[in-house]
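Residue numbers (the numbering used here): -18 to 215. The beta carbon of each residue, even a glycine, is placed where N, CA and C say it ideally should be. Predicted, not measured: the structure shown is a model, and the values here were computed from it. Note sheet for the following structure.
Here you go:
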């Protein structure tokens, strides 16, 4: 079906998507709008139909998309325009990194990068999302494993942590301050392990710290970078 025809269906499809996603798991359709008890597959199908009827400017702003839909649906319907999703999603995280309902699934862009579908993101929102916002990011063990499974992120996106200033709700210092795993912070575990395992050099990290401090930081972030420098050593 041509795109113009699909887009004319969007108002009706949008109404159906809102109706389906407003009902809880296991709900029964009041008038046969879906078959059987409501399951995640029904929600996914409704979201897929809506994205298929949406022009790109509307599609990139749709939320929430949970995994694996966040990876699969944009890739299926907009394979040549994934960079537009990366731009909007990065900006969305930067606007409000604590809006959990709106930022679910944004880590799909990192899987696309690993799959070679988009360049590894360098936008400030993407960098902060990777360091502080992916599911499990507050566990250094999980984050390190996540990065090593996607090496392009170590080389490009995560390497930008020294060049992107943190914001309220998403900063390196705040992430380390709030993690319950005190021995698995960014400064005392993730970054030292990246050096120890040969992904980064000590000099690269020290140069990054110098760049961050030379821009001027809040006292909170300045203490974090000085602390990292002490851990890494000369």
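Between the beta-carbon of residue 162 and the beta-carbon of residue 121, is there less than 9 Å?
The sequence position of residue 162 within the chain shown is 181, counting from 1. The sequence position of residue 121 within the chain shown is 140, counting from 1. Yes, the pair counts as a contact, with Cβ atoms nearer than the cut-off.
Measuring CA to CA, which of -11, -12, 18, -15 is closest to residue 1?
The sequence position of residue 1 within the chain shown is 20, counting from 1. Looking at the Cα atoms, 18 is the closest of the given residues.
Three CB pairs or more closer than 8 Å across the stretch 13 to 31 and the stretch 71 to 86:
no
Skipping 5 residues on each side, what residues in its chain have a beta carbon closer than 7 Å to that of residue 187?
The residue labelled residue 187 in the question sits at position 206 within the chain shown. Excluding sequence neighbours, residue 187 sits near 210, 213.
Helix, strand or coil for residue 148 per DSSP?
Locating residue 148 in the chain shown gives position 167, where the first residue counts as 1. Residue 148: strand per DSSP, three-state reduction.
Under 9 Å between the Cβ atoms of residue 144 and residue 110?
Here residue 144 refers to the residue found at position 163 when the chain shown is read from its first residue. Here residue 110 refers to the residue found at position 129 when the chain shown is read from its first residue. Result no, Cβ atoms of residue 144 and residue 110 do not sit closer than 9 Å.
When DSSP labels each residue in this structure, what does residue -3 get in the three-state scheme?
Numbered from its first residue, the chain shown carries residue -3 at position 16. Helix.
Less than 7 Å between C-beta atoms, sequence neighbours within five positions excluded: which residues of the same chain meet that for residue 95?
Reading the chain shown from its first residue, position 114 is the one you call residue 95. Within the same chain, residue 95 has close Cβ partners 131, 133.
Environment of residue 152 [buried if 16+ CB atoms lie within 10 Å]
Position 171 of the chain shown, counting from 1, holds the residue named residue 152. Residue 152 should be labelled buried.
Does the distance from the C-beta atom of residue 146 to that of residue 198 stay below 9 Å?
To locate residue 146, count along the chain shown from 1; it is residue 165. To locate residue 198, count along the chain shown from 1; it is residue 217. Yes, Cβ-Cβ distance for residue 146 and residue 198 is below 9 Å.
On the CB-based measure, 16 or more other CB atoms within 10 Å of its CB, does residue 207 come out buried or exposed?
As a position in the chain shown, residue 207 is number 226, starting the count at 1. Exposed, because fewer than 16 other Cβ atoms sit within 10 Å of the Cβ of residue 207.
Pull up the distance between the alpha-carbon of residue 107 and that of residue 64, whole angstroms please.
Translated into the one-based positions of the chain shown, residue 107 becomes position 126. Translated into the one-based positions of the chain shown, residue 64 becomes position 83. Straight-line Cα distance between these residues: approximately 12 Å.
Straight-line Cα distance separating residue 102 from residue 67
Start at 1 with the first residue of the chain shown, and residue 67 comes out as number 86. Start at 1 with the first residue of the chain shown, and residue 102 comes out as number 121. Roughly 7 Å between the two C-alpha positions.
Using a Cβ-Cβ distance cut-off of 9 Å, determine whether residue 115 contacts chain C.
Here there is only one protein chain, and chain C is not present.
For residue 155 and residue 171, what's the separation of their Cα atoms in angstroms?
The sequence position of residue 155 within the chain shown is 174, counting from 1. The sequence position of residue 171 within the chain shown is 190, counting from 1. Rounded to the nearest angstrom, the two C-alpha atoms are 15 Å apart.
For residue 83, which of 159, 57, 46 has the nearest alpha-carbon?
Numbered from its first residue, the chain shown carries residue 83 at position 102. The shortest C-alpha separation from residue 83 is found at 46.
Residue burial classification, residue 204 (beta-carbon count within 10 angstroms, cutoff 16)
Mapped onto the chain shown, residue 204 falls at position 223. Classification for residue 204: exposed.
Rounded straight-line distance, which links the Cα of residue -7 to that of residue 37:
In the chain shown, residue 37 corresponds to position 56, counting from 1. In the chain shown, residue -7 corresponds to position 12, counting from 1. About 18 Å.
Cutting at 8 Å between CB atoms, please list the residues of its own chain near residue 183, excluding the five before and the five after it.
For this step, residue 183 is matched to residue 202 along the chain shown. Correct list, in chain order: 176, 213, 214.
Helix, strand or coil: which one does DSSP assign to residue 207?
Along the chain shown, read from residue 1 onward, the residue named residue 207 stands at position 226. The answer is helix: DSSP assigns residue 207 an H, G or I state.
Is residue 103 helix, strand or coil by DSSP?
One-based indexing of the chain shown puts residue 103 at position 122. It is coil, neither helix nor strand.
Tell me the DSSP secondary structure of residue 48 in three-state form.
By one-based count along the chain shown, residue 48 stands at place 67. Looking at residue 48 - three-state DSSP - the assignment turns out to be coil, as it is neither helix nor strand.
So is the beta-carbon of residue 128 under 8 Å away from any non-hydrogen atom of the ligand ZN?
For the structure depicted, the ligand ZN is absent and the ligand set is empty, with no information on it obtainable.
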